Amino acid sequence: MTSIVPTEVVQVSETKARTAAAPGGPSARTAPADLAPRAGLLPSLAAVYRAQLSRARVARIPLLFVATFQSVGIMVLMRGVVDGGAEARAVVAGSSVLVVAFVALNLLAQYFGQLRAGGGLDHYATLPVPPAAVVLGAAGAYASFTVPGTIVTAVAGSALFGLPMTHLWVLVAVIPLSGAALSGLGAALGLLAPRQELATLLGQLGMSAALLLGVLPPERLPGPVGWARDLLPSTYGVEALARSFDARPDWAVVALDLTVCAAVGVLSLAVATWAYRRAAVR
């Protein structure tokens, strides 16, 4: 069959192909393409935060209702035992922060445990985002998700025990600082647990500790249990909120409690970031 392609074109094409295939040809000398630059911490953090917040808004609303209903129910039960005074302030403050513990500690431990077991960490490891952005973005989303329930619990408890609501604006600091401390702890538990079931168990135990050590008045706790309460990250947020119910709060002590809570939050998030690095490379 006669070709319709001119002979000169065929010869030129064959010459180019042989030149490209040669060891010193143009294809062999072509440098590999550069990878995309690594994303910055703040843009990555914002992207992970928005994605996690959107996911939590759809999947966690029923659980937030359960957390709020649980905390309000505990206050109703304690109303028959506690009349008022310092004990009432401790019950309301502990029940309010318990909402944060339920979502930021318990659910985040389960989430990262499931993410590790299901291979989701491999997906994040392939993205050009810093590990801190993944941990901080997820922790911030879960902590933000607790805001409505915590406010509702604090207002309901104040009305139930007749506590003043003048200084409830302290929640503006208590929620993010307690949320950071408990989210870091929950993420670390989920990432360090060797199995998903163990991560769920550790999250439940952490929330139970926040319930028993945060809601019960500290004056009624035995000495060793009181020491364990001092080690719980949410304790200092509970103390700051409880002091704000005083007629004349000691703002220096409140600021000290919030500072300690912030320091514990930074430490727990740093541990969670290290745990993420450790789990992602395995």
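Sequential numbering of the sequence shown, starting at 309, is according to the numbering used here. Think of the CB as a built atom: it goes at the ideal place given N, C-alpha and C, for glycine as much as any other residue. These numbers were taken from a predicted model, which means no experiment stands behind them.
Based on Cα-Cα distance, which residue from the options lies nearest to residue i?
i	options	result
Y584	V562, G494 and A396	G494
T454	D565, L566 and L361	L361
S574	S516, Y419 and A440	According to the sequence provided, residue 574 is Val. The question's Ser does not apply to it. Of S516, Y419 and A440, the residue nearest in Cα terms is A440.
A548	V533, S452, R397 and G427	R397
T581	P370, V356, L415 and L444	L444
R503	A375, Q378, M383 and G427	G427
F257	R586, Y357 and G487	Beyond the ends of the chain as shown, which are 309 and 590, falls residue 257; an answer cannot be given.
V562	S466, L490, L476 and Q422	L476
G514	V356, P370, A417 and I382	A417
V568	P456, I382 and L485	L485
Mark residue i as exposed unless 16 or more other C-beta atoms lie within 10 angstroms of its C-beta, in which case mark it buried.
i	result
S335	Low per-residue confidence applies at S335: pLDDT is 46, beneath 50, and the placement is therefore not dependable enough to give any value.
A555	exposed
I483	buried
A571	exposed
E395	buried
T461	buried
F469	buried
V480	exposed
E505	exposed
L343	Note that L343 scores 49 on pLDDT, short of 50, meaning its location in the model is unreliable; the coordinates nonetheless yield the value given after this. L343 comes out exposed.
V400	buried
L349	exposed
S516	exposed
D565	buried
L385	exposed
V320	Confidence in V320 is poor, its pLDDT being 43 and thus under 50, which makes the residue's placement unreliable; the coordinate value appears in the next sentence. Exposed is the call here.
V359	According to the sequence as given, residue 359 is Ala; it is not Val. By the neighbour-count rule (16 or more Cβ atoms within 10 Å), A359 is not buried but exposed.
From the DSSP output, in three-state form, read off residue i for me.
i	result
P530	coil
V572	helix
H475	coil
T454	coil
R556	coil
P436	coil
V390	coil
R551	helix
A587	helix
P484	helix
R503	coil
G426	coil
G492	helix
S519	According to the sequence shown, residue 519 is Leu rather than Ser. Looking at L519 - three-state DSSP - the assignment turns out to be helix.
G348	coil
G498	helix
L524	coil
G470	coil
V380	helix
Go to residue i, then tell me how far its alpha helix (DSSP H) extends in each direction, as first and last residue.
i	result
V592	Since the first residue of the chain shown is 309 and the last is 590, residue 592 is not available in this structure.
S542	Careful: S542 lies outside any alpha helix (DSSP H) and carries neither H nor E.
L413	Here L413 belongs to no alpha helix (DSSP H), and DSSP marks it neither H nor E.
So is residue i in contact with chain D if we call contact Cβ pairs under 8 angstroms?
i	result
G393	The question asks about chain D, but that chain is absent: this structure has only one protein chain.
Point to revise | Three CB pairs or more closer than 8 angstroms across the segment 391-409 and the segment 537-546 | key: At 8 angstroms Cβ cutoff, the stretches touch.
**Study point:** Inter-stretch contact at 8 angstroms, needing at least 3 Cβ pairs: the segment 441-454 / the segment 505-525
**Key:** Because the criterion of three Cβ pairs below 8 angstroms is not met, the segment 441-454 and the segment 505-525 do not touch.
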